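This report concerns only the one structure given below.
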Amino acid sequence: MSAAKQKNSIDRIEPTNWFVGMKNPQVQLMLYGKDIAKVESVTTDYPGVTVDSLVHLDSPNYLLVYLNVKNAQPGTMKLTFQGKNEKGKVKREAVNYQLKAREMKGEDRKGFDISDVLYLLMPDRFASGRTDNDQIAGMNTYVNDRTQPSLRHGGDMEGIRQHLDYFTDLGVTALWFTPVLENNSPDQGGYSTYHGYATTDYYKVDPRFGSNEEYRRLVDEAHQKGLKVVMDMIFNHCGFEHPWVKDMPTADWFNQPEWLSEDKDNGLDPMTGFGSGQKESKYLQTSYKLTPVVDPYASEVDLRETVEGWFVPSMPDLNQHNPHLMRYLIQNSIWWIETVGIDGIRMDTYPYAYREPMAQWMKELDNEYPNFNTVGETWVTEPAYTAAWQKDSKLSEQNSYLKTVMDFSFFDKLSQAKNEETDAWWQGLNRLYNSFVYDYLYPNPSSVMAFVDNHDTDRFLGNGRDTLMLKQALALLLTVRRIPQLYYGTEILMNGTKEVTDGNVRKDFPGGFPDDTHNCFTKEGRSRAENNMFNWLSRLLHWRNGNETIIRGYQTQFIPYNGVYVITRRWHRNTVMTILNGTSQPATMEVKRYAEVIGHVGRVQDIPTGRYYDLSKDLVLKPRQSLVLEFTEKE
Ligand SMILES: [Ca+2]
Ligand SMILES: [Ca+2]
Numbered sequence: 008m009s010a011a012k013q014k015n016s017i018d019r020i021e022p023t024n025w026f027v028g029m030k031n032p033q034v035q036l037m038l039y040g041k042d043i044a045k046v047e048s049v050t051t052d053y054p055g056v057t058v059d060s061l062v063h064l065d066s067p068n069y070l071l072v073y074l075n076v077k078n079a080q081p082g083t084m085k086l087t088f089q090g091k092n093e094k095g096k097v098k099r100e101a102v103n104y105q106l107k108a109r110e111m112k113g114e115d116r117k118g119f120d121i122s123d124v125l126y127l128l129m130p131d132r133f134a135s136g137r138t139d140n141d142q143i144a145g146m147n148t149y150v151n152d153r154t155q156p157s158l159r160h161g162g163d164m165e166g167i168r169q170h171l172d173y174f175t176d177l178g179v180t181a182l183w184f185t186p187v188l189e190n191n192s193p194d195q196g197g198y199s200t201y202h203g204y205a206t207t208d209y210y211k212v213d214p215r216f217g218s219n220e221e222y223r224r225l226v227d228e229a230h231q232k233g234l235k236v237v238m239d240m241i242f243n244h245c246g247f248e249h250p251w252v253k254d255m256p257t258a259d260w261f262n263q264p265e266w267l268s269e270d271k272d273n274g275l276d277p278m279t280g281f282g283s284g285q286k287e288s289k290y291l292q293t294s295y296k297l298t299p300v301v302d303p304y305a306s307e308v309d310l311r312e313t314v315e316g317w318f319v320p321s322m323p324d325l326n327q328h329n330p331h332l333m334r335y336l337i338q339n340s341i342w343w344i345e346t347v348g349i350d351g352i353r354m355d356t357y358p359y360a361y362r363e364p365m366a367q368w369m370k371e372l373d374n375e376y377p378n379f380n381t382v383g384e385t386w387v388t389e390p391a392y393t394a395a396w397q398k399d400s401k402l403s404e405q406n407s408y409l410k411t412v413m414d415f416s417f418f419d420k421l422s423q424a425k426n427e428e429t430d431a432w433w434q435g436l437n438r439l440y441n442s443f444v445y446d447y448l449y450p451n452p453s454s455v456m457a458f459v460d461n462h463d464t465d466r467f468l469g470n471g472r473d474t475l476m477l478k479q480a481l482a483l484l485l486t487v488r489r490i491p492q493l494y495y496g497t498e499i500l501m502n503g504t505k506e507v508t509d510g511n512v513r514k515d516f517p518g519g520f521p522d523d524t525h526n527c528f529t530k531e532g533r534s535r536a537e538n539n540m541f542n543w544l545s546r547l548l549h550w551r552n553g554n555e556t557i558i559r560g561y562q563t564q565f566i567p568y569n570g571v572y573v574i575t576r577r578w579h580r581n582t583v584m585t586i587l588n589g590t591s592q593p594a595t596m597e598v599k600r601y602a603e604v605i606g607h608v609g610r611v612q613d614i615p616t617g618r619y620y621d622l623s624k625d626l627v628l629k630p631r632q633s634l635v636l637e638f639t640e641k642e
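Everything in the sequence shown is counted per our numbering, starting at 8 for the first residue and increasing by one.
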């Protein structure tokens, strides 16, 4: 038989290649093709490779092949598939599959940590480096229109790459992009998947953002400039247009699979959440309430709704308890680390996925990359909640192995504090003081990621431009014992609220798009107010980089007194002292109260402004003033 002339029945193999020299020598290949389940055996004579097993799924169009490549060298191996057609005739087919060498050992991949500052941006909204990718032929219909806050705007990888110097100029050390994988979904009622959270191909960058090669180039060039890159991943759900939806590998691949029925009376309309037959909806949406996952008293109905309810009708909920699906997802994360060299993962909607398989994922990643880091989105505003999700937490029976969690308490308390006076207990910056008290709950408070806003929240400035409170928030964020995360545009006073629309907190970065007249990438293009904020923050960021006191220092905080909140970090004889006047009145900070950290220090410098202050006498602070002082005690 001439395999070359015959139409190949294998449309797709995932992963598209694998690697030799992994600690886990096994790899799952997911093959897709019409009636591929007729394959009865797979063989290879490639040295060092054995076929562990062949797994048939419910759909006849999928086949899983588990290979052991422990003793293999890099190269291209031939896999021969054999089965019988309808007439009982033996049919053989061969495909080539590449095993690549790893570029470095897993131990050498170092993730982000407290020495970093992450800068979160949305690729569609940051900068467009090419207009030829704004419309891609063959994709589901979509509109690129910058006047519409919920449609695509044309930002891409090339736009980010062209502005890498902007990030180093500002002083951040790591970039976190919202998801970059393909979201081939049609626009629905004026909404599109520009945000990237509805994956339709786990192995391909969305062509509107660029190619896998462009992603790799971007990461390489970022690395050359000392910038790390964090990849946003989603294991809880995929997009409605994912091939798995049209042809489910197994009956339990998704939670509520009945909603993916072809039957028009029962099948789901991803836009409305109702079957097009207009029957009463059985569709179960998540309650978005994450507490049942840890609640010792949780009812089954609540827990099921949280974890098995779909995030939205257009994002079917994946069942991570299916071991083949979980293997697919675990491999996918490893493939991106090896293929483009990312330095970290941000896992979306972490507690919405089943806890055990997610812990298995983290454990395997930790085994392969012990110095890598992953941050999970754990959106509950109580420290006791997020702490239970951190690796090695004694608060949980099940170890999550998740090294970094997100401090939604910090965000929440700050959001309230900004509109309050601090001189009342439980109000204003007292909320922050009280939130840090519970750091004893975290196995590692230095590995908790904090932020003042992100793509899912109001911008810190709301609809205003009050830089005094923003500076307080950022002074705290960048000096406390946390991994700080900034949201793009905060440095140039971008504002917005979700009340208007989600797109209102995801506006285009000025200067990133063709014909922009306002260009915030340069000092000349920024307004005076924008430069004031940019420069203030930039000085603080550059000073923070490599600062041992910030990275390792002991933290001491003082209960807000006379409306003034003081928190210090100390390492050897060096002290960083953050002072915030949380009231709209002048406030006096009595230095004797802080003698244990001030010692006999005199004139000290405020890092972000360069101005000097005398700590040998009481300090009179202006309304909402913030200071970040650093000093070294003499012997
Ligand atoms: Ca573009
Ligand atoms: Ca789920």
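Built from N, CA and C at the ideal position, the CB exists for glycine as well. Quick caveat: nothing in here was measured; it's all calculated off a predicted structure.
Boundaries of the beta strand (DSSP E) harbouring Arg19: Arg19 to Glu21, taken from the DSSP string. Contact between Val604 and Leu587 fails: their C-beta atoms lie close to 15 angstroms from each other, not under 8 angstroms. By the C-beta density criterion, Ile566 is exposed, having fewer than 16 other C-beta atoms within 10 angstroms. Restricting attention to Trp317, His170 and Asp227, the CA atom closest to the CA of Ala205 is found in Trp317. Taking Asn31 as the centre and dropping the five residues before and after it, the same chain places the C-beta of Glu371, Asn374 and Glu375 closer than 8 angstroms to its C-beta, in chain order.
Leu225 and Gly351 have their C-alpha atoms roughly 15 angstroms apart. Residue environment for Val627: exposed (fewer than 16 other C-beta atoms within 10 angstroms of its C-beta).
Ranked by how close their Cα comes to the Cα of Val252, the residues Val62, Thr298, Ser321 and Ser199 have Ser321 in first place. In this structure, ligand 2 has no non-hydrogen atom nearer than 7 angstroms to the beta-carbon of Tyr295. For Gly166, no beta strand (DSSP E) segment is defined; the enclosing uninterrupted segment is the alpha helix (DSSP H) at Met164 to Gln169. Under the three-state reduction of DSSP output, Ile614 falls in the coil class, being neither helix nor strand. Checking the 7 angstroms criterion, the Cβ of Arg224 is out of range of every heavy atom belonging to ligand 1. For Met369, the enclosing alpha helix (DSSP H) stretches over residues Arg362 to Glu375. Here Val507 carries a coil assignment [DSSP, helix/strand/coil]. Considering only Phe184, Met333, Asn569 and Leu477, the residue with the shortest C-alpha distance to His244 is Met333. Distance from Tyr201 to Asp131 at the Cβ level is roughly 4 angstroms; contact confirmed, criterion being Cβ atoms closer than 8 angstroms. Residue selection by CB proximity (closer than 7 angstroms to any heavy atom of ligand 1) returns Ser135, Gly136, Arg137, Thr138, Asn140, Asp141, Gly161, Gly162, Asp163, Gly166 and Arg215 in chain order. Of the heavy atoms belonging to ligand 2, at least one sits nearer than 7 angstroms to the Cβ of Asn262.
Scanning the segment 495-564 from its first residue to its last, the whole alpha helix (DSSP H) runs of 4-plus residues come out as 535-551 and 555-559.
Under DSSP, Val46 takes part in a beta bridge, and its partners are Gly90.
Shown here for Leu234: same chain residues with a beta carbon closer than 8 angstroms to its own, the five before and five after excluded, namely Leu171, Phe174, Thr175, Val179, Thr180, Ala181 and Leu182 in chain order. The three-state reading of DSSP puts Ala181 in strand, counting E and B together.
At the C-beta level, Leu38 and Val76 stay beyond 8 angstroms of one another.
Close CB contacts of Val27 within its chain, under the 7 angstroms cut and outside five residues either way in sequence, are with Val76, Ala79, Gln80, Pro81, Leu106 and Ala108 (chain order). Excluding five sequence positions before and after Gln612, the CB atoms of its chain that fall closer than 6 angstroms to its own CB belong to Tyr619, given in chain order. For the pair Phe520 and Ala134, the Cα-to-Cα distance works out to about 6 angstroms. Of the candidates Asp515, Asp399, Leu493 and Phe458, Leu493 places its Cα closest to the Cα of Ser545.
For Asn581, the pairing in a beta bridge is given by DSSP as Trp578 and Thr639.
The Cβ atoms of Leu125 and His462 do not sit closer than 8 angstroms to each other.
The C-alpha of Met255 lies about 8 angstroms from the C-alpha of Asp65. The DSSP-derived three-state label of Asn588 is strand. In this structure, Asn339 keeps its C-beta atom at 8 angstroms or more from the C-beta atom of Glu114. For Val314, the CB falls within less than 7 angstroms of some heavy atom of ligand 2.
For Gln423, the enclosing alpha helix (DSSP H) covers residues Phe415 to Ala424. Between the segment 531-545 and the segment 503-513 there are fewer than three inter-stretch CB-CB distances shorter than 8 angstroms, so the stretches are not counted as touching.
DSSP lists Thr83 as the beta-bridge partner residues of Gln105.
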